[in-house]
Amino acid sequence: MHIVACVKQTPDTAAKVQVVDGHVTWGDSPLVVNPWDEYAVEEALLLREAHGGETTAISMGPETAKEALKTCLAIGCEEAILLSDPALKGSDASATAYALSQAIRKLDSVGMVLLGRQAVDGDTGLTVAQLARYLG
Ligand SMILES: Cc1cc2nc3c(=O)[nH]c(=O)nc-3n(C[C@H](O)[C@H](O)[C@H](O)COP(=O)(O)OP(=O)(O)OC[C@H]3O[C@@H](n4cnc5c(N)ncnc54)[C@H](O)[C@@H]3O)c2cc1C
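Here the sequence shown stands for residues 1 to 136, numbered as in our numbering.
Structure representation (structure tokens):
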């Protein structure tokens, strides 16, 4: 089975988030794999170990999100996909879910898609249900 884990790159949970000139900023705090998404990746790897198959981590975000995907590869995912385009910048949860669903549909033999509970920055928790709906 091909298992996909959706991973968002977020500021470290210790980051001090501020609004400066109307824009949210976390200064030079490190960016990390969204902590809830670590559970999704871990579960994908455990399921692969138990049942065979392959795992892919996918992230929609700016070029910096490559670092989060490299972490997923380092801990065992076979493949990582970055979905990035300036046109996607500022996407809300629904647009994010739609873009992710279209990318996932292009992959072969996907049997399961795992997400985190919520992103620790955006924090809506909406992407999960919306992605499920777009994937039917
Ligand atoms: C060029 C570019 C720039 C972006 N800049 C920002 C930014 O500055 N700030 C920001 O918050 N978002 C940014 N995004 C991403 C996007 O706008 C958010 O991911 C989206 O709004 C999801 O909402 P949420 O954060 O509330 O996630 P939630 O709904 O809380 O997330 C639930 C779960 O959905 C999955 N998920 C959520 N977002 C993504 C994602 N992007 N990729 C893969 N899986 C995901 C994770 O498994 C997560 O645990 C950017 C995207 C692009 C392409």
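Beta carbons: idealized from backbone N, C-alpha and C, even for Gly. None of these values were measured; they are calculated from a predicted model.
Exercise. Under 8 angstroms, do Thr55 and Glu38 count as touching if we go by C-beta distance?
Worked result: Taking a C-beta distance under 8 angstroms as the contact criterion, Thr55 and Glu38 do not qualify as a contact pair.
Exercise. Which residues in the same chain as Ala97 place their Cβ atom closer than 6 angstroms to its Cβ, once the five residues preceding and following it in sequence are excluded?
Worked result: Thr127, Gln130, Leu131, Tyr134
For this session: Please name the residue or residues paired with Met112 in a DSSP beta bridge.
Result: Ile3
For this session: Tell me whether the beta-carbon of Lys66 lies closer than 8 angstroms to the beta-carbon of Leu82.
Result: yes
Exercise. Beta carbon of Thr128: closer than 7 angstroms to some heavy atom of ligand 1?
Worked result: In the sequence on display, residue 128 carries Val and not Thr. For Val128, the CB falls within less than 7 angstroms of some heavy atom of ligand 1.
Exercise. If we ignore side chains and look at the alpha-carbon of each, how far apart do Asp85 and Pro62 end up?
Worked result: 8 angstroms
Exercise. Under 8 angstroms, do Val113 and Val41 count as touching if we go by C-beta distance?
Worked result: no
For this session: Provide the residue(s) that pair with Val41 in DSSP beta bridges, ordered along the chain.
Result: Partner(s): none; Val41 has no beta bridge.
Exercise. In whole angstroms, what is the alpha-carbon distance linking Gly111 and Ile58?
Worked result: 15 angstroms
Exercise. Is the closest heavy atom of ligand 3 to the C-beta of Met60 under 7 angstroms?
Worked result: Inclusion of ligand 3 in the displayed structure is not the case, the ligand content consisting of ligand 1 alone.
For this session: Please name the residue or residues paired with Pro11 in a DSSP beta bridge.
Result: Leu31
Exercise. Less than 7 angstroms between the CB of Gln18 and some heavy atom of ligand 1, yes or no?
Worked result: Not so, every heavy atom of ligand 1 lies at least 7 angstroms from the Cβ.
Exercise. Quick one, which of Cys6, Ala95, Leu100, Gly90 has its alpha-carbon nearest Ala23's?
Worked result: Looking at the sequence itself, residue 23 is His, so the reference to Ala does not match. Of Cys6, Ala95, Leu100, Gly90, the residue nearest in Cα terms is Gly90.
For this session: Output the distance between the C-alpha atoms of Leu69 and Cys6, rounded to the nearest integer angstrom.
Result: 10 angstroms
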